[in-house]
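Peer 1:
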Amino acid sequence: MMFEQLEKDIGYKFSNKKYLHIALTHSSYSNECNNKIKNYERLEFLGDSVLGIITSDYIFRNCPELPEGKLSKLRASLVCERTLCEFSKNLHVDKYIKLSRGERRSGGDKRASILADVFESITAAIYLDGGMENAKKFVLKFIIPEIKKPTIRNTRDYKTDLQEIVQKNPEDYIEYVLADEKGPDHNKVFTVEVLLDNNVVGKGTGKSKKEAEQQAAKEALSLMGY
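Everything in the sequence shown is counted per my numbering, starting at 137 for the first residue and increasing by one.
1) Helix, strand or coil: which one does DSSP assign to Ile310?
2) In terms of residues, what are the limits of the beta strand (DSSP E) holding Asn170?
3) Is the Cβ-Cβ distance between Ala271 and Ile195 less than 8 Å?
4) Determine the DSSP secondary structure at Phe255, reduced to helix, strand or coil.
5) Pull up the CB-CB distance for Gly238 and His322, whole angstroms please, since I reckon it's below 8 Å.
6) With DSSP collapsed to three states, give me the class of Pro180.
7) Smallest Cα separation from His228: which of Leu142, Ala260, Ile283, Pro320?
8) Please report the Cβ distance between Leu298 and Ile280, rounded to the nearest whole angstrom; I am assuming they are in contact, meaning their Cβ atoms lie under 8 Å.
9) Ile158: which of Glu256, Ile301, Arg218 sits nearest, CA to CA?
10) Out of Leu202, Glu177, Val337, Leu332, state which residue places its alpha-carbon closest to the alpha-carbon of Ala252.
11) From Tyr294 to Lys231, what distance separates their C-alpha atoms?
12) In terms of alpha-carbon separation, which member of Leu210, Asp265, Gly147 lies closest to Glu282?
13) Kindly list the residues whose CB is nearer than 7 Å to the CB of Leu314, restricted to its own chain and excluding five residues on each side of it in sequence; keep chain order.
14) What is the rounded straight-line gap between the Cα of Gln350 and the Cα of Lys153?
15) Can you check which of these residues, Ala348, Tyr312, Glu347, Lys246, is closest to Leu331 by C-alpha distance?
16) Of all the options Val254, Val337, Gln303, Thr341, which has the alpha carbon lying nearest to the alpha carbon of Leu357?
17) Cα separation between Arg197 and Leu207?
18) Report the CB separation of Ser236 from Ser164 in whole angstroms; it is logged as a contact under 8 Å.
19) Please classify Gly205: is it buried, with 16 or more other beta-carbons within 10 angstroms of its beta-carbon, or exposed?
20) Taking 8 Å as the threshold (C-beta atoms), are Lys172 and Lys249 in contact?
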């Protein structure tokens, strides 16, 4: 598949096209090919960190009026699954993602968790191929307009809220644990428990681990009266 139009939409031309190919390859497609083709999961891991540092650096420098807690919430809203999914939709990546036949039939090319993951993997691909400056140009093209939206600073991030409450007692700590994972690759449901000092205080489910963690934190906050 040719990616000239996608590169134009991204605003970056790859020197090594393999990075972009991998960034668009879902694990279901890789499995269908007997794992002879790499999938984007490792790139997604790296892209999450690259995206986080670029976003953190920008809002730190350009939002001097915000204290640490609000900076954390703003960053969380800018890199959450819902927001990254919209970024991918703007790039029309659904036309390029390589999925198994079953995953595509089930609507995987429209699934928010997959689209969000691909934005992270593309970010990592640009970083590996062209360095941090090119990755920064790509990410900020989406982040800056998003910050200007009046609703973005009001989006609640349950994990950050829970962390802030727990931090009031330095001896306490929280941990998110994957409790269950059901369904085929193209339609998984994850269950995550959030533990406070090894005690389960919330449980959540979702189509992705991130969504399940948010729901677990939301339940914990509700049980704690917040």
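Each residue gets a CB set at the ideal place from its N, CA and C atoms; glycine is no exception.
Peer 2: In brief:
1) strand
2) Careful: Asn170 lies outside any beta strand (DSSP E) and carries neither H nor E.
3) no
4) helix
5) 5 Å
6) Strictly speaking, residue 180 in this sequence is Glu, with Pro absent from that position. Helix at Glu180.
7) Leu142
8) Not really, about 29 Å apart at Cβ, beyond 8 Å.
9) Glu256
10) Glu177
11) 32 Å
12) Leu210
13) Phe326, Val328, Lys345
14) 35 Å
15) Tyr312
16) Val337
17) 11 Å
18) 4 Å
19) exposed
20) The amino acid at residue 249 is misidentified as Lys; the sequence shows Ser. Taking 8 Å as the Cβ cut-off, Ser249 and Lys172 do not qualify as a contacting pair.
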